[in-house]
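Asker:
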Amino acid sequence: LLAFRRKLCSKLAHRLGWEYPENEDYLTIMLRSLAIKVAGKSGDPEIVKEAKRRFELFTEKNDQSAIHPNIRGAVFEIVLIHGGGEKEFEEILKIFRNSPTADQQLVALTALGYAQQPELIQRALDFSISPEVRNQDVIHAFAGLRDNRKSRKILWNFLKKNWDLFEDRYVKSLNLLGNVIKYGTSSFASEEDAIDIEKFFADKDTKQYARPLQQSLENIYMNSAWLKRDAKDVEEWLADNGYLN
């Protein structure tokens with residue numbers, strides 16, 4: 001699937017480039033950001049190389065113009081996904097702590113969730129519930145962890161382990177608690193995961209967050225059914241079109 005995503009977005013990303021001309025229309029601005037993000041996260045070598053170059057200029061040379069605000073999140077995520085380690089994680093953490101605006105803080109917070117190493121994933125999780133992160137911003141930390149294949153299961157286990165903390169913290173903010181549940185569970189696609197979630201909440205009073213919990217479970221069961229029905233056909237199509245070589 002990564003090869004297919006590269007095929008969809010790489011040419012577009014290269015054509016649009018990294019610069020944002022003045023008076024550019026809104027749709028092109030958004031399209032450039034999306035194309036760079038998808039192509040880079042899917043492993044386009046030129047996009048990854050350029051993201052790393054710009055990240056180095058941004059962090060080591062303090063060149064704020066190296067990464068346009070519209071693609072900072074994409075660059076941070078690409079760097080962590082493709083070879084980034086503790087050094088890059090620390091740089092993004094520093095950006096979170098020093099950002100002058102809340103928007104850029106949240107961009108960095110989400111990006112931390114794309115760490116690939118178990119110890120950095122755990123650091124991102126622990127940081128998400130630290131005093132440095134506002135209670136309402138935890139879902140931004142969870143967003144990256146949810147989308148990161150290597151941390152989805154770890155995120156769910158973290159949520160189970162710390163459930164009492166989350167329930168106490170958001171007892172008066174049930175909408176946030178519902179979002180915590182959705183971000184912590186909705187990325188799964190197997191009946192086994194759905195059953196695990198159902199078992200965990202079986203002895204809990206879920207009436208205050210029943211809707212988001214049910215939505216997550218329905219989403220998981222639908223994904224599982226789709227995989228059972230169509231996974232073989234999709235795999236054959238990808239193979240026939242050279243995306244599995």
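Residue numbering for the sequence shown follows the working numbering, beginning at 1 and increasing consecutively. Note that CB positions come from ideal geometry on N, CA and C, so glycine has one too. In this text the structure is predicted, and so the values were computed from the model without any measurement.
1) Under 9 Å between the Cβ atoms of arginine 15 and asparagine 70?
2) With a CB to CB cut of under 6 Å and the five nearest residues on each side skipped, what residues in its chain are close to phenylalanine 76?
3) On the CB-based measure, 16 or more other CB atoms within 10 Å of its CB, does isoleucine 195 come out buried or exposed?
4) On the DSSP letters alone, give me the boundaries of the alpha helix (DSSP H) that asparagine 157 sits inside.
5) Looking at the structure shown, is lysine 129 part of a helix, part of a strand, or coil, going by DSSP?
6) Which residue from Phe158, Arg169, Leu227 and Phe58 puts its Cα closest to that of proline 131?
7) Please work out which residues of its chain come closer than 7 Å, Cβ to Cβ, to threonine 59, disregarding the five sequence neighbours upstream and downstream, and give them in chain order.
8) Could you check whether the region 174-194 touches the region 219-232, counting it as contact only if at least three pairs of C-beta atoms, one from each stretch, sit closer than 8 Å?
9) Assuming leucine 106 and aspartate 137 make a contact with CB atoms under 8 Å, what is their CB distance in whole Å?
10) Along the chain, where does the alpha helix (DSSP H) that runs through serine 224 open and close?
11) Near leucine 145, what residues of its chain come up, given a Cβ to Cβ distance below 6 Å and the 5 sequence neighbours on each side ignored?
12) What does the alpha-carbon distance come out to for the pair aspartate 28 and aspartate 230?
13) With a cut-off of 8 Å on the beta carbons, I'd call leucine 80 and glutamate 88 a contact; round off their distance for me.
14) Using a 10 Å radius around the Cβ and a threshold of 16 neighbouring Cβ atoms, would you call threonine 101 buried or exposed?
Answerer: Taking the structure as given:
1) no
2) Ile92 and Ala111
3) exposed
4) 152-161
5) With the sequence shown as reference, residue 129 is identified as isoleucine, and lysine is not the correct amino acid for it. It is coil, neither helix nor strand.
6) Arg169
7) Glu91
8) yes
9) 6 Å
10) 210-240
11) Gly113, Ser151 and Leu155
12) Going by the sequence as given, residue 28 is threonine instead of aspartate. Taking the straight line from one Cα to the other gives about 34 Å.
13) 6 Å
14) exposed
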